[in-house]
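A short worksheet on the structure shown next.
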Amino acid sequence: QDEIQSRIRSQGPYAVLYMDLNNFKAFNDHYGFVRGDEAIQLTADLIEQCFSEWTNGKTFLGHVGGDDFVGLVEAHDVEALCENILRRFDQSIPQLYEEADRARGKIVTIDRKGNKVDVPIMGLAIAVVTNKNKNFIHPGEIALIAGELKTLVKMEPRSSYLIDRRTY
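Counting in the numbering used here, the sequence shown runs from 145 upward without gaps.
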């Protein structure tokens with residue numbers, strides 16, 4: 145929140161990326177918390193690497209908790225960054241799955257009602273809010289929009305990102 149507030153005060157261009165793993169709970173339940181922690185660490189490492197390679201100004205990466213991350217960059221145009229993160233994620237995450245699950249592209253697990261369900265390999269959802277079309281006053285405004293976007297982007301069956309382009 146402090147970093148977001150700092151960006152708001154600076155009045156320069158910025159984008160806030162909220163990143164969340166899709167199907168993490170099923171993966172964690174199926175493979176156990178040790179491998180779940182490996183998935184979170186792998187994700188953090190590759191996002192951090194992508195951010196460190198970003199040359200368009202200062203970056204910040206934070207772990208909100210669980211399988212949620214937040215990143216800030218000094219730019220509005222972050223398509224290339226999002227695509228790079230997703231490409232690396234989709235190349236790396238399957239290595240955490242057993243060979244048979246990787247070949248099927250899914251795990252078969254039991255839901256809370258005792259039903260067998262197919263859960264696709266994890267994806268990464270990125271919701272992006274920028275100050276291109278709106279001047280924010282409080283980080284809560286950004287979080288509210290990001291929550292709306294995250295709901296939409298998590299509906300995608302694969303790793304994807306969604307940038308808020310609304311004009312206010």
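Beta carbons are placed, not taken as given, at the ideal position from N, Cα and C, and that holds for glycine. Predicted, not measured: the structure shown is a model, and the values here were computed from it.
- For P301, the three-state secondary structure derived from DSSP is coil.
- L230: member of the alpha helix (DSSP H) spanning 223-236, first to last residue.
- By a beta-carbon distance limit of 8 Å, D211 contacts L165. Their separation comes to about 4 Å.
- Under DSSP, Y162 forms a beta bridge with V214, A271.
- Assignment of P157 by DSSP, reduced to helix, strand and coil, places it in the coil class.
- In the structure shown, the three-state DSSP call for F171 is helix.
- Per DSSP, reduced to three states, the secondary structure at F195 is helical.
- Inclusion of S150 and L186 in the CB contact set at 7 Å is not warranted, their separation being larger than that value.
- A distance of 7 Å or more separates the beta carbons of I254 and V263.
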